[in-house]
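Let me begin by presenting the structure, written as structure tokens, before commenting on it.
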Amino acid sequence: MQELTACMQKERIQEYESKEESNLEEIKRLGVINSTNTSELRSIIKYQQLQEEQIQKEIDIAKHDLSEEFKQRISLQKATYLKETSQFQDKIDKLQFELNVCNDKLNQSKENQSKKSIMNETSAYKRDCDLHGGDDSEFKRLVHQHQKELSVLQKQFQSILNAKDDQINDLVYRVKKGQHHQERDTFAADDMDNEVQSFIYLNYTL
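Residues in the sequence shown are numbered from 12 upward in steps of one, following my numbering.
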């Protein structure tokens, strides 16, 4: 009986030792697998970090290139606008000078014509009075003729002045229109910058 009990105990011990050895082998196997998975995970994390750094570099380069191109374009548009504005201003100044000269000539002509008319009318009146014994019909005719001539002259100068005014107003309108386009281009540039940022975000960060 004792021998049977001892034999059973021995078998149990052997079974326990076998299970323990098997468990140790499994632990070693799992340890190897865990070490391998850990190494692979570290490699994946490092690769992702390198990828993120490369993508960030590409984003920075794209931003820089787009920013430089945008700055050059705006600078060119600004230079063109300033050149055109300066040319318009020169034309306005020239036309304004011509307008002032015309005004001066018109005023001087009016003054000279008025003096001349007074002198001619006075002389004609005296001559007519001497010839017709005081009849002033010829004098009235001369006065009327001079008034017509003066009116024609005034209309001619006024026509010149109106033409100069129209040219000046047209140039001023074009300058204001150019300023409006410049402001609109600035707003459009802001929109373009926003679109660029959205494009970079959608294509490089998602």
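By construction, the Cβ of each residue, glycine as well, lies at the ideal position given by its N, Cα and C atoms. Computed from a predicted model, the values in this text were never measured in an experiment.
When C-beta atoms of the region 161–173 are compared with those of the region 92–101, fewer than three pairs fall below 8 Å, so the two segments do not count as touching.
Distance between Leu110 and Glu79, taken at the CA atoms: about 46 Å. Taking 9 Å as the cut-off, the Cβ atoms of Leu164 and Asn114 do not count as close.
Straight-line measurement puts the Cα of Gln178 at about 11 Å from the Cα of Asp104. Taking Ser162 as the centre and dropping the five residues before and after it, the same chain places no C-beta closer than 8 Å to its C-beta. In this structure, the straight-line span from the alpha carbon of Thr96 to that of Tyr184 is close to 11 Å. In this structure, the CA atom of Glu51 is about 37 Å from the CA atom of Glu26.
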